[in-house]
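**Q** Before anything else, here's the structure in question.
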Amino acid sequence: MRYGSSDWADDPEVRDDIELPTFVLEYEALGSIGELWNGGGQFPSLKAARDHAEMVLGGSLRWND
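Structure, rendered in structure tokens:
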């Protein structure tokens with residue numbers, strides 16, 4: 000499921016949920032355990048999710064299996 004914004008002012012393709020497979024990426028800063036996620040999103044492929052994480056987090060990124 001790709002979640003929409005739910006904002007009535009957005010166009011339907013942005014506002015409404017769409018049933019399609021996505022990869023969800025969620026990350027948090029070191030030391031913020033238990034707080035809300037610091038960032039992330041939904042991506043159409045694993046590569047897109049990984050590319051986004053590497054772009055945003057750069058050298059501080061550590062993958063956890």
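Here numbering that gives the first Met the number 0 is used: the first residue of the sequence shown is 0, the next is one more, and so on. Every residue gets a Cβ at the ideal spot worked out from N, C-alpha and C, and that includes glycine.
(1) Classify Ala52 as buried or exposed, calling it buried when 16 or more other Cβ atoms lie within 10 Å of its own Cβ.
(2) Please state whether the Cβ-Cβ distance between Leu56 and Phe22 is less than 8 angstroms.
(3) Who are the near neighbours of Trp7 in its chain, counting only those whose CB is closer than 8 angstroms to its CB and skipping five residues on each side?
(4) Residue range of the beta strand (DSSP E) that Glu25 falls in?
(5) Would Gly40 and Leu24 be called neighbours here (beta carbons separated by less than 8 angstroms)?
**A** Straight from the coordinates:
(1) buried
(2) no
(3) Its chain contains Arg14 as the residues whose beta carbon lies nearer than 8 angstroms to that of Trp7, once the 5 sequence neighbours on both sides are disregarded; these appear in chain order.
(4) Annotation for Glu25: the continuous beta strand (DSSP E) segment containing it runs 22 to 26.
(5) yes
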